[in-house]
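5 is the number of the first residue of the sequence shown in our numbering; add one for each residue after it.
Report on one structure; see the data block that follows.
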Amino acid sequence: MRIRPAVTDDLPLLRSIERAAGAGFRGIGMPEIADDEPLPEAGLARYLTRGTALVVADGTDRPVAYLIAEPVDGALHIEQVSVHPGYARRGLGRALIDHLAAHTDAPALTLTTFADVPWNAPYYKRCGFGPLADADLTPGLREIRRQEAAHGLDRWPRLCMRRELRQAAGGG
């Protein structure tokens with residue numbers, strides 16, 4: 005398996021991966037999340053032009069996991085990480101995050117996630133992310149959280165997380 009930039013032909017597969025990965029939410033009492041439609045292909049395509057859409061491809065070059073991200077307030081914000089359940093628990097999500105971290109000039113990665121879902125906040129903590137207090141949210145992260153609330157995601161506890169990538173100048 006290898007990580008590569010996503011291409012236009014991958015977009016339908018990315019939507020299928022997200023649907024399959026989202027099915028796990030049904031089993032923990034979050035069927036609304038399981039049934040939520042992935043971004044349309046046009047929405048995913050904008051990440052291609054920015055170069056912030058990555059896939060893990062299998063031996064036939066078929067995507068089995070993906071990540072999309074966008075710049076938000078100086079950091080690179082991970083909008084989505086999805087791994088097809090048939091390839092879960094192999095470190096593919098972490099590999100995508102680590103690849104993104106290694107290939108960005110941004111000082112940090114951010115994301116928003118469900119606080120109590122095992123493969124969300126607890127997983128991201130193991131990947132080096134820490135929770136951000138509400139007072140520490142940037143204007144862009146506040147706007148993302150506002151949009152999530154308008155979409156109904158605040159029905160379950162959510163939080164913003166950040167992974168520092170570069171030491172501050174003068175740090176000891």
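Even glycine gets a Cβ: it sits at the ideal position worked out from N, Cα and C.
Contact check, residue i vs residue j, beta carbons under 8 Å
i      : j      : result
Leu96  : Val87  : yes
Ile7   : Leu141 : no
Gly132 : Arg167 : yes
Gly47  : Ile37  : no
Ala57  : Ala24  : no
Ala119 : Leu163 : yes
Ile82  : Leu115 : yes
Pro89  : Gly28  : yes
Leu113 : Ala106 : no
Exposure of residue i, with buried meaning 16 or more beta-carbon neighbours within 10 Å
i      : result
Met165 : buried
Asp14  : buried
Thr12  : exposed
Arg54  : exposed
Arg130 : exposed
Ala173 : Residue confidence is low: Ala173 scores 47 on pLDDT, short of 50, so the model does not pin down where it sits. Its coordinate-derived value is still stated next. By the neighbour-count rule (16 or more Cβ atoms within 10 Å), Ala173 is not buried but exposed.
Thr117 : buried
Ala125 : buried
Met5   : exposed
Pro161 : exposed
Gly175 : The predicted position of Gly175 is uncertain, since its pLDDT is 47 and thus under 50; no value can be drawn from it.
Whole-Å CB distance - residue i paired with residue j, under 8 Å assumed
i      : j      : result
Val60  : Ala69  : 4 Å
Ile21  : Pro67  : 7 Å
Pro111 : Arg170 : 5 Å
Arg19  : Pro42  : 4 Å
One or two residues paired with residue i in a DSSP bridge
i      : result
Pro44  : Looking at the DSSP assignment, Pro44 forms no beta bridge with any residue, so it has no partner.
Glu147 : DSSP output for Glu147 lists no bridge partner at all.
His155 : In the DSSP output, where bridge partners are listed per residue, His155 has none listed.
Arg6   : Ala61
Any non-hydrogen atom of the ligand MG closer than 7 Å to residue i Cβ
i     : result
Ala27 : By its list of ligands, the structure shown contains no ligand whatsoever, and the ligand MG lies outside what it can speak to.
- Run through the region 90-136 for me and flag every whole beta strand (DSSP E) of 3 or more residues, listed as ranges in chain order. 112-118
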